[in-house]
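Chemist:
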Amino acid sequence: MDYKFRLRFLAWLVIIISSSIVFGTLIFKGFPLNTNVLSLLPQKQVNPAFSAASEAFSSRMGNKVIFLISAPDEDQAIKATEEFSDKLKQSQLFKHIFKGVNEAEQQSWGTFYFPYRLQLLKPSDEKLLVNNNENKIVENALVSLYSPMGIANRKLLDNDPFFLYQNYLLSLPRPSSALDLHKGYLTTKYGERWYVMLQTQISGNSFSLTTQEAIIKAIDSATAEISQNGVKVLRTGMLFYAQNGSDTAQHEVSTIGVGSLVGIILLVLFTFRSLRPLVFTLVSVASGFIVAFVVTYLWFGSVFLFTLVFGASLIGISVDYAFFYYSERLLGDEKWTPALGFKRIFWGITLGLLNVIISFIVISIAPFPGLHQLAVFAITGLSISYLTVICLFPYVIQKTPTPNKKPILLICSDKYLEIWKNISKVSIVIILTIIALVIIAGNFQVKANDDIHILESASQELKNTENTVKKITGSNMGMSYLIVLADNNEILLQRANNISEKIYKEFSNINNPLISISDYIPNVYKQKNNYDLVKKLISTQLINYLEKIGYDNSQAQKVKKNLDNISFKQLTLDSWLDAPVSQQLKFLWLGDQEGQKAMAITLSERINLDQLESIVKNQEGVYLVNKADEISDIFAHYRVMINNLLFLVAALLWILLSFRYSFKKAFIYLITPVLACSGALGILGWFDIPLTLFSLLALILVLGISMDYVIFLAESKKQYQSTMLALLLSAITTVLSFGLLSLSSTPAIHYFGLTVLVGIVLAFLLAPLALRLTEYEN
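Here full-length UniProt numbering is used: the first residue of the sequence shown is 1, the next is one more, and so on.
(1) Quick check: the segment 409–416 against the segment 716–733, are at least 3 beta-carbon pairs closer than 8 Å?
(2) Unbroken alpha helix (DSSP H) runs of length 4 or more, entirely within the segment 407–448: which are they?
(3) Just reading off the alpha helix (DSSP H) that T187 is part of, what are its end residues?
(4) Enumerate in chain order the residues of its own chain whose CB-to-CB distance from V524 is below 7 Å, with the five nearest sequence positions on each side excluded.
(5) Let's see if you can read the secondary structure: which residues bound the alpha helix (DSSP H) around S730?
(6) Closest by CA to N422, which one among L308, R772, S51, R60?
(7) When the distance is taken between beta carbons, is S318 closer than 8 Å to G288?
(8) Could you give the DSSP three-state label for D158: helix, strand or coil?
(9) On the CB-based measure, 16 or more other CB atoms within 10 Å of its CB, does F293 come out buried or exposed?
(10) Only counting runs of 4 or more residues, tell me where the alpha helix (DSSP H) segments fall wholly within the segment 327–366, in order along the chain.
(11) Taking the beta carbon of R117 as the centre, do at least 16 other beta carbons fall within 10 Å, making it buried, or is it exposed?
(12) Can you give me the start and stop residues for the alpha helix (DSSP H) that F377 sits inside?
(13) Check for me: the beta strand (DSSP E) holding G237 runs from which residue to which?
(14) Pairs of beta-carbons, one from the segment 490–501 and one from the segment 617–625, closer than 8 Å: are there three or more?
(15) If you run the structure through DSSP and keep just helix, strand and coil, what is F9?
(16) Report yes or no: do the segment 338–351 and the segment 703–717 share at least 3 C-beta pairs separated by less than 8 Å?
(17) Using a beta-carbon distance below 8 Å, is V294 in contact with chain B?
(18) Within 10 angstroms of the Cβ of F663, are there 16 or more other Cβ atoms? Answer buried if so, exposed if not.
(19) Using the Cα positions of W194 and L181, report the straight-line distance between them to the nearest angstrom.
(20) Evaluate contact between the segment 53–66 and the segment 191–207, counting only Cβ atoms and requiring at least three cross-stretch pairs below 8 Å.
(21) Would you kindly check if the distance between the Cβ of I700 and the Cβ of S385 is under 8 Å?
(22) Between which residues of its own chain and E83 is the CB-CB distance below 6 Å, once the five residues before and five after are set aside?
(23) Pick helix, strand or coil for V484, following the three-state DSSP scheme.
(24) Are the segment 162–171 and the segment 71–79 touching by the rule of at least three beta carbon pairs closer than 8 Å?
(25) On the premise that E594 lies in contact with P48, defined as a C-beta separation below 8 Å, what is that separation, rounded to the nearest angstrom?
(26) Could you work out which residue in F377, N464, V640 is closest to A448 when comparing CA atoms only?
(27) Within 10 angstroms of its Cβ, does N626 collect 16 or more other Cβ (buried), or is it exposed?
(28) Using alpha carbons as the reference points, say which of M238, L703, A141 lies closest to K463.
(29) Is it buried or exposed for A11, if we count other Cβ within 10 angstroms and need 16 for buried?
(30) Within the continuous beta strand (DSSP E) that includes T200, where are the two ends?
(31) Which residue comes first and which comes last in the alpha helix (DSSP H) that contains G595?
(32) What whole-angstrom Cβ distance do V291 and G381 have, given they're in contact under 8 Å?
(33) For F112, collect the residues of the same chain with a Cβ closer than 6 Å to its Cβ; drop the 5 residues on either side in sequence, then sort them by chain order.
(34) Would you list the residues sitting across from H96 in a DSSP beta bridge?
(35) Hey, is the segment 634–651 in contact with the segment 513–520, meaning 3+ C-beta pairs nearer than 8 Å?
(36) Can you grab the Cα-Cα spacing for the pair F647 / F687, in whole Å?
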């Protein structure tokens, strides 16, 4: 073996050994896998503060886990909840565990708000006072006082004679309308069982595999210990959806990877009847995967499970280069040497690799973090598999005697090649006409689908549990929310107040259409205005009202004097946040985000978001976050973009091939890839399979691979027999890989795999067409 071969081999060996060491270290530490599907997607660019605030709130909600502990008896359910809570606390995996409100915390609400009672008004009371309808306030107070449920406490009357403060406290929104406080716990009866709600915030990230495993193990252990005598536990939260997605993806990675490997092993043994090609094929595949994983990790800091699922399917492509070398070796004559075999396949596999690299580079133009990572993984993995053939195979694989009996796949590839050699011009015209008609008719039936739910693979059981928890607790909060931004707290509260009032007015038919901090702490302008309105009420109505309900004049004057002595003192956001009353709602406060103050407002799932959008767009510093529609719009935008990129890829390939071949030949060589792509699209239409962004990404891959097939034949220097065998082996492994991918339970992956599967079958069947057309052109 000459010096150049040895040098290439040593360079390859250094890369593989160093990457294997890093890969082994990562396995020992635990794979840095990212299971967050949303992190694959581009973020809507509004401004940095909004992006940071939205990300912070999304992360906070993603780490929230809610439990409902139920039992036939209320006290039994409360006792089980106490035990369950203690078990979770002992695990030290939960940042916050909120069981309810104890007696001291209940009293703290009245204590905290009491000094500000003259400036806090229920909206309906405020409206009456603004409209100078003080008589109605007095009438309502009398009704409350003399009703069967009325309160005749003298101390209460002295401090809140018109019950305005009491009305305000009772009007504050309740996140869960069906729950009541009992012994400090939030409980409700649903059917024949009593339920107690436990709200928790996990430590770490719900999308981290390590976090998922540890926390779910702690939850399962705590659940097992209390699940006796009729006690049951319902649980919901992003943690469980993330775990379900992780388990599904890992299962699919192993299924696709193992399935592809088994297929490769059987193909190699069946065709080449030797263990050596098998061993070095596996070396080629493993080398590509290991280096790709390491480079991707070093580049991005973590690896998406999405990348691994698609990366596992690339095994079917990575063995192409090995197959061409083996086929050349199998059918070489007695003069064949490793150097000669290397020379014969070099340009074919090199141009083939460049085509696939161009395809993935174009894919990475779309600003999808997931696609950027997939492109890096694929380009690295395929390049290393290519280098393994170039640097290792000539060094370790020598010529072996040609087998006496032809492998069955060689017979099949020879027969198929023979068909194309003998086909007439008229037959080709007929075939192309039929294909064109089928493609055109199919393409007219294609329907696009940009729904975000094509990424969803959550089990129905998880969705049913979430709906059950909502039904039991009476919660109607949806996934959409508002982000409010301002330069300071006062303007922030004012903006939150304004948008909240508009939503309450627009959606008055919905109970608790939102939950906002501004409902619990009005802005300073509203507080001052309320204070002036109540002071006017006291001045004009208090004495007559108190005398009417039994106070003598001196008593009434004393009450008035005490109320007159209450001066205005602003209730600030900072003081509210520092008080125990904010504990349940503190998750809405987002603090400083890129130099601005931020808070979130959660919304009822019953709100019409299109209607709300028209309100929000005119509100400064207020942003509607509707992830489902937002991402669907992103999908639609980039589906059109990728569709245009397909033409760009084809143009780039034409230019590239023109440097190697003539301009005319390059155009002819593009016919097969274009037919494969448009044919795959047409078949989707015929079978009513929706066109998605991922289908178009798959077509770019089909374009690159089918171009490979044509180039391999063009570069075979009339050695069509070995090339056609390699193409058949390549097509079978690719079809196997993406055929398994098309069985994925995640629709996005399913559509990707299905499109590649159909496209590659067409690419193989039509690959010899380019040679015949070239002969006619010559």
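In this text, a Cβ means the ideal position worked out from N, Cα and C, and glycines have one as well.
Computed from a predicted structure; not experimentally measured.
Modeler: A quick look at the data gives this:
(1) Counting C-beta pairs with one atom in each stretch, the segment 716–733 and the segment 409–416 have three or more that are closer than 8 Å, which means they touch.
(2) Qualifying alpha helix (DSSP H) stretches, in chain order: 408–422, 425–443.
(3) It is not in any alpha helix (DSSP H) - T187 instead sits in the beta strand (DSSP E) that spans 185–190.
(4) E490, Q570
(5) 720–741
(6) R772
(7) Yes. Within cutoff.
(8) Helix.
(9) buried
(10) You should have 338–363.
(11) Classification for R117: buried.
(12) 369–391
(13) 232–237
(14) The segment 490–501 makes contact with the segment 617–625, as at least three CB pairs between them are under 8 Å.
(15) F9 sits in a helix when the DSSP states are folded into three classes.
(16) yes
(17) Although the question refers to chain B, the structure presented lacks it and comprises just one protein chain.
(18) So F663 ends up on the exposed side.
(19) The straight-line gap from Cα to Cα measures roughly 13 Å.
(20) Three or more Cβ pairs closer than 8 Å define a contact, and the segment 53–66 meets that threshold against the segment 191–207.
(21) no
(22) I226
(23) strand
(24) no
(25) 4 Å
(26) V640
(27) Residue environment analysis places N626 among the buried positions, since at least 16 neighbouring C-beta atoms fall within 10 angstroms of its C-beta.
(28) The shortest C-alpha separation from K463 is found at M238.
(29) exposed
(30) Segment 193–202, the beta strand (DSSP E) holding T200.
(31) Note, G595: premise wrong, no alpha helix (DSSP H); not H, not E.
(32) 7 Å
(33) A579, V581
(34) BP columns for H96 point to Q201.
(35) no
(36) 25 Å
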